[in-house]
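2 protein chains.
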Amino acid sequence: MSLEFSTNTFEKEKIILAGKEEYIVGGGRHLFPLLPKAFAEIHQIGVIGWSSQGPAQAQNLRDSLAGTNIKVKVGLRKNSSSIPLAEKAGFTRDNGTLGEMYEVISESDLLILLISDAAQAANYQQIFEAIRPGTTLGLSHGFLLGHLKNIGDSFPETINVIAVCPKGMGLSVRQLYEQGKEIHGAGINSSFAIHQDVNGRATDYALAWAVAIGSPTIFQTTLESEYKSDIFGERGILLGAVHGIVESLYRWLIRSGHSQEEAYINSVESLTQPISNMISKNGFLSIYISLTDAEKETFKKAYSAAYHPAFEILMEIYDEVASGNEIRSVIEANNRHQRFPIGKIDGTEMWQVGVNVRDNRRPEKVSIHPVTAGVYIATMMAQVDLLKEKGHLYSEIVNESIIEAVDSLNPYMYQKGVAHMLNNCSMTAQLGTRKWAPRFDYIFCQQAFTALDDNKQTDEKVFENFLTNDIHQALSICTQLRPSVDIFG
Amino acid sequence: MSLEFSTNTFEKEKIILAGKEEYIVGGGRHLFPLLPKAFAEIHQIGVIGWSSQGPAQAQNLRDSLAGTNIKVKVGLRKNSSSIPLAEKAGFTRDNGTLGEMYEVISESDLLILLISDAAQAANYQQIFEAIRPGTTLGLSHGFLLGHLKNIGDSFPETINVIAVCPKGMGLSVRQLYEQGKEIHGAGINSSFAIHQDVNGRATDYALAWAVAIGSPTIFQTTLESEYKSDIFGERGILLGAVHGIVESLYRWLIRSGHSQEEAYINSVESLTQPISNMISKNGFLSIYISLTDAEKETFKKAYSAAYHPAFEILMEIYDEVASGNEIRSVIEANNRHQRFPIGKIDGTEMWQVGVNVRDNRRPEKVSIHPVTAGVYIATMMAQVDLLKEKGHLYSEIVNESIIEAVDSLNPYMYQKGVAHMLNNCSMTAQLGTRKWAPRFDYIFCQQAFTALDDNKQTDEKVFENFLTNDIHQALSICTQLRPSVDIFG
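One line per chain: the protein sequences are A and B, in this order.
If you're matching positions, the first sequence starts at 1 in my numbering and goes up one per residue.
If you're matching positions, the second sequence starts at 1001 in my numbering and goes up one per residue.
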C-alpha cells in the first residue's frame, strides 16, 4: 500500500520509515489559527455521543476553536444519562451547544459520530437518513465500514466520509491535550482516512480536525486498513495480549518462587514502568543493551520462547477481524448484555495484590525483569511483523503497536490496574480483551513457559530478526516527531 | 421444534421426555438381518476419509453387513497417508474395498463423507460434481450445511442428503460396537436427519446406517439443529468447558493448600471417574444426595457460583456458532496450519503431574470433590438450559450435553489426559477447545472462584432450578434405553 494526499492549508512532510516514503502532517497549537481556513464551509461541528472519545474530542475541538465562528455542539439521545456529564463540561442547551442527537446530526456540517460501535451498527440507517447531502461524516474508527461490508450496505453517496482516529483512549486524548498547553507536541497521534470526498475538501477537514484535537503527528491510512489494524491491535499487544501476558507471568513468577508482591512487581510494575518508559524514550534495543550479560541470555530465551506462540494467536486475531467475525461478535455480545452485563475481571488474587503494591510503592524496587521484557517485546514484535506482512504502513504499525501501548494505555494499568485501563476503552476493546487475553495466557503457559522451564536454547534466527528489524529505525523517526510524554507527569 | 418420521423397516417407539413426545428407534444386533431390506437399492456404501469417524464407521458397517451383497468401500486420496491404516483394517485394493476418493464417490449408492470439515469446505464442489443423481449423500455432521449457508450455496437437488451423527468420537464408536457383541445395547447413540429425500427412501437408509454402526438409540433432529448443538456442545461441556474447568480447578485447589497430586486427583480424577460414572448410571441428583451435609453446602455454593458465568460463555458460543462465525474460524485456522501446526497443550505442570498420578493410581483415594462436582454439573446444567431455550429436542440435549460427555469423552481424559481425549476428536473440535477452554477458565477465576473464596451465599433460585429441572426425568428415560457402559471395561 502507498498513499498520498494534498492539502491547501497545512504543510505535509515527507518522512522515510524503514526505507519507505510516507507523508505526514505535524500538529501543534501554532496551527490553530489555520483552522477556520481549513474548516471554511463548516459552521457547526456536531459531536455525537459521550463515552470514550466523545468527551475528549468535543472539549478539545471547542477549546481549539474558541474565538472562531465555528460552533461545537454535542448531540445525545433525549434521555441520555450522559447529559449531566456533558453539561458539567460546559455543553448545555442554554448556550446552544447541546441538543437531541438527530437534530444535531441534521444541523451539522461536520458530523463526528462517536457513539459506540454497536449503537452505530444498530442505528446507522436512521442516522444516514438524518444527514443532509453535502455533510461530512466523521468517524474515529472504521468499525461501521466493517459492519456495512458484512451486511452488504454502504455509506450514502452524497456525503464526505472521513476518519480521524486517535491512537489512544479518550481520556488520554484529553489529558495530553491539556499537557500540550505547556509541553509543545504533547498529544495523541492520529491517523486520518479519506473514504469519500464529494466536494474536494475532505482532506483539509480531516487534518483540521486532527490538529484541533491536539495530535502531534497525523498520518494517512484508509478506513479499511484503520479498522483492521485498530480492532486487531487492541486485541493484540495494546490490551488483550498485555493482559494475558501479565496474568500468565504473574503465575509463572509465583511458581518460580516469588512472593505475591514480587510477582506483581516483576510483571505489571516492571512492564508498565521501566519497560514502557524505555521503549517510549529510546526504543527496544535500549532495553536489551541495558541488561547484564546473564539477563541478556534470559531475555533472549524468553523472547525466543514467546515470539512464535504470540505470532500464532495474532494471526488468528487478524483473520477474525478481516473476515468480519470480530465485528459480528461485538454486535452479538452487546445484545447479550441486556441479560448479563459485562463482568468484573480484577477481583482475583493478582489484582488484589496489585492494590497493595500500589499503596506501598517503592519505585527503587522496580527494575526491568528480563523474562517480562522478553515476553512483552516478543509479542509486540510479532504484532509489528504481522502488520508488515499484511501491508500496513509503518506509521500505522508504529502507532498502533508501540506508541499507543507505552504512551496511552500501559500508564493506566500502572495507575490503577487492568480494569482501569480497560474500562476507559470502547466496549469493542473491552470485549476483545476478554476474548483474547485468555488465549495468549494459555498459549504462553503451554508453549512459552514450558520452553523456558526446560531451558530451551535461543532460536537465533528469531532473535536475529529482533536485532535487525527495520522497525527500530521507523520507531526512532516517529519518536523524534513528538516529545516523550508521561501522561500523569 | 417437533419432528416425526415414518419407516417401513424398523419399529419406532414413542418416549416422553420432560412431558414432550419424541419418537426414537432402538438399535441392536438383532436388527442386522433387516439391513438388506432397509438398504434395498444400495449396492455399495462408500466411506470417504480415514480420520476420526472414518475407521470406526467403515469397519462397523462392513462387519454388520457381512454376508449381504452390500459392499463397503473406503475412498481415499491417491497418496493419502491413511492408505496403510485402511489396509491394515482389511480395506484393500486387492479385495475391491479401497479406491481413489472420487472414483468411490461416483460408484457408490450411499456415500458417507467423513473427510475433515475443512476438507469438505474446500472440496465440496468437486465432490458434488462427482456424485451421480439419485445417490444418497450421508454426513455425520452438519458442518457442510453451515458452510454452504455462509457462502450462499446449497446441495445438489437431485440427491438424498441424510445425516447419522454418532454422539461420541470415532474411537468410542468402534470400541463400544465391539463391546456390543457381548453386552446388548453397548454403543454410541446417534441422531439422524433427513435433509433431502428425493426417492422417499432416505429415512430407512439413515436408520439402517445408524443401526449398522451400532447405535443403541437413534433419535431424530435436523441437519441445522445438529450442527448447531454439535459444534456448540464440543466447545461447551464436552471438551472446551471441561478442559477449562479442570485447569482452573487444579490451580484453585493448589491455592487452597492441596499438593499437586491432590489437586490433580480432586479435579481430573474425581470428575472423570466417580462424578462421570454416577451421572451415567444414576443422574445428577444421585451425586448431590450422596454427599454429607457439609459437602452438600459446598456443592450448592460452587454450583451457584459457576452457573451464571458458565451460562454467559455458553450463550456466546451458541451465538458464534449460529452466526456462522465458528465455521468461518475453523476454515481459516486450517489454512494457518500450513504455517503453524496445531500446538501441544499438555506440557504444563498439571498434566505432567497427571502422568504420575495415573502411574500410581489408588482408586480408593478418589472421591467426589464437592467443588469439582458443583462447578462441573452447573456448567452441564447451564448448557442443558441454554439448549432448551434455543428449542432443541430433549433427546439431542441429553445426548449432546450429558451422555456423550460421561460415556464417550471423559473416559479418554481419565485414561491419558486432556490431549488424548482431544486428539481423537475432529480438528473442528480441537480448535474449538483451544478457543473456548481459556474463556471458561478466566470467567471461573474472575467470577466463580472469587465468589467461592468470599464464601458468597448460595443463589437459592439457581439451585432450585437444579433440583427441579425437567432434565432429570429426560436423562433417566434416556439412561434406561441403553446399558451403562464403561468404555474401557
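All residues carry an ideal CB built from backbone N, CA and C; glycine is no exception.
Keep in mind the model is a prediction, meaning the values are calculated, not measured.
Closer than 9 Å to chain A by CB, residue i
i	result
D1346(B)	yes
P1411(B)	no
D1319(B)	yes
H1308(B)	yes
G1257(B)	no
G1343(B)	yes
E1349(B)	yes
T1292(B)	no
E1460(B)	no
Whether residue i touches residue j by CB criterion (9 Å)
i	j	result
Y412(A)	I342(A)	no
V1198(B)	T1158(B)	yes
S401(A)	Q383(A)	yes
E1332(B)	E316(A)	yes
V164(A)	R235(A)	no
N469(A)	D385(A)	yes
I194(A)	I218(A)	no
K167(A)	N150(A)	no
L1285(B)	H1472(B)	yes
G417(A)	V355(A)	yes
Contact belief for residue i with residue j at Cβ below 8 Å, rounded distance in angstroms
i	j	result
A1263(B)	I1275(B)	Not confirmed; about 16 Å, so no contact.
S51(A)	S408(A)	In fact, because the Cβ distance is near 17 Å, the residues do not count as touching under 8 Å.
I949(B)	T1379(B)	Here chain B has residues from 1001 to 1489 only, and residue 949(B) is not among them.
I1287(B)	I1377(B)	7 Å
S106(A)	I131(A)	7 Å
G185(A)	P216(A)	4 Å
Closer than 9 Å to chain B by CB, residue i
i	result
E332(A)	yes
M315(A)	yes
N95(A)	no
G142(A)	no
N266(A)	no
Q446(A)	yes
T92(A)	no
S329(A)	yes
T379(A)	no
F463(A)	no
R235(A)	no
Where the beta strand (DSSP E) containing residue i begins and where it ends
i	result
P1033(B)	Looking at the DSSP string, P1033(B) is not in any beta strand (DSSP E), and its letter there is neither H nor E.
T1136(B)	T1136 to L1139
C478(A)	That residue, C478(A), is in no beta strand (DSSP E); its alpha helix (DSSP H) goes I471 to Q480.
P995(B)	Given a span of 1001 to 1489 for chain B in the structure shown, any question on residue 995(B) remains unanswerable.
Y1193(B)	A quick correction: the sequence has Ala, not Tyr, at residue 1193(B). Residues S1190 to Q1196.
L17(A)	K12 to L17
E100(A)	L98 to E100
F1219(B)	T1217 to Q1220
Endpoints, the alpha helix (DSSP H) within which residue i is located
i	result
P1370(B)	P1370 to E1389
P55(A)	Q53 to S64
V1321(B)	D1293 to A1322
E41(A)	Here E41(A) belongs to no alpha helix (DSSP H), and DSSP marks it neither H nor E.
Q1506(B)	For residue 1506(B) there is no data in the structure shown, the boundaries of chain B being 1001 and 1489.
V1072(B)	That residue, V1072(B), is in no alpha helix (DSSP H); its beta strand (DSSP E) goes K1071 to L1076.
I1024(B)	That residue, I1024(B), is in no alpha helix (DSSP H); its beta strand (DSSP E) goes K1020 to G1026.
L1110(B)	Unbroken run through L1110(B) is the beta strand (DSSP E), L1110 to L1113; no alpha helix (DSSP H).
D454(A)	Looking at the DSSP string, D454(A) is not in any alpha helix (DSSP H), and its letter there is neither H nor E.
Any non-hydrogen atom of the ligand HEM within 8 Å of residue i CB
i	result
K1071(B)	Of the ligands one can find in the structure shown there are none, so the ligand HEM has no counterpart to examine.
Problem - Contact the segment 1067 to 1081 of chain B vs the segment 1231 to 1246 of chain B: 3+ CB pairs below 8 Å - result: no
Exercise for the section: Evaluate the contact criterion for the segment 81 to 97 of chain A versus the segment 123 to 140 of chain A: three or more CB pairs, one atom per stretch, below 8 Å. Expected result: no
Exercise for the section: Count the CB pairs spanning the segment 304 to 320 of chain A and the segment 206 to 225 of chain A that are closer than 8 Å, and state whether there are at least three. Expected result: No: fewer than three Cβ pairs fall under 8 Å.
Exercise for the section: Give a yes or no on contact between the segment 1363 to 1379 of chain B and the segment 1282 to 1294 of chain B, applying the rule of three or more CB pairs nearer than 8 Å. Expected result: yes
Practice task
Specify whether the segment 1168 to 1183 of chain B and the segment 1055 to 1068 of chain B touch according to this definition: at least 3 beta carbon pairs, one from each stretch, less than 8 Å apart.
Solution key: yes
Handout entry: Interfacial residues, the segment 1425 to 1441 of chain B to chain C, with Cβ spacing under 8 Å
Key = Absent from the structure is chain C; the protein chains it does hold are A and B.
Exercise for the section: Check whether the segment 1200 to 1213 of chain B touches the segment 1117 to 1131 of chain B, counting contact only when three or more Cβ pairs, one atom from each stretch, lie closer than 8 Å. Expected result: Under the 8 Å Cβ criterion, the segment 1200 to 1213 of chain B does not count as touching the segment 1117 to 1131 of chain B, having fewer than three qualifying pairs.
Practice task
Could you tell me whether the segment 93 to 100 of chain A touches the segment 115 to 122 of chain A, using the rule of 3 or more Cβ pairs below 8 Å?
Solution key: no
Practice task
Would you be able to state if there are at least three C-beta pairs under 8 Å between the segment 30 to 38 of chain A and the segment 4 to 14 of chain A?
Solution key: yes
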